[in-house]
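Q: Please find one structure pasted underneath; my questions will follow.
Numbering (this note's numbering), first residue to last: 3 to 108.
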């Protein structure tokens, strides 16, 4: 997932309800699908952030010694400025990038 190339909004946006429910015919089903995708995106971002921060980790036994690492701060700031997972999921839904299927129907 390339977070730099996404066009998801960072701020709150009002969406057209008919555009959201267009593919499923049910707004609640569409929201459920987007929520599941947002959880997937969130876990991917969290895993990626944890891996990047592990590179800068220093293991000290003393709590008095706290080192500020500028690279670690920059990585954290980058992830704070990204669009939220729910905004990314909604944008993927509107761009038809989410595949879903109803297992109750054949």
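Quick reminder that beta carbons are idealized off the backbone N, C-alpha and C, glycines included.
Computed from a predicted model, the values in this text were never measured in an experiment.
If you measure between the beta carbons of residue 23 and residue 32, is that distance less than 8 Å?
A: Yes.
Q: With distance defined between alpha-carbon atoms, name the residue in 85, 49, 96 nearest to residue 6.
A: For residue 6, the nearest C-alpha among the options comes from 85.
Q: Find out if the Cβ-Cβ distance for the pair residue 40, residue 96 is shorter than 8 Å.
A: Taking 8 Å as the Cβ cut-off, residue 40 and residue 96 do not qualify as a contacting pair.
Q: Using beta carbons (cut-off 8 Å, strictly below), is residue 32 in contact with chain B?
A: No chain B is present in this structure, which holds just one protein chain.
Q: Spatial neighbours of residue 91 within its chain, please: CB distance less than 7 Å, with the 5 preceding and 5 following residues excluded, ordered by chain position.
A: The answer, listed in chain order, is 36, 39, 40, 43.
Q: So is residue 10 buried or exposed if we call it buried at 16+ other beta carbons inside 10 Å?
A: Counting Cβ neighbours within 10 Å, residue 10 comes out buried, since at least 16 surround it.
Q: Output yes or no for whether 8 Å exceeds the beta carbon distance between residue 77 and residue 55.
A: Yes, the pair counts as a contact, with Cβ atoms nearer than the cut-off.
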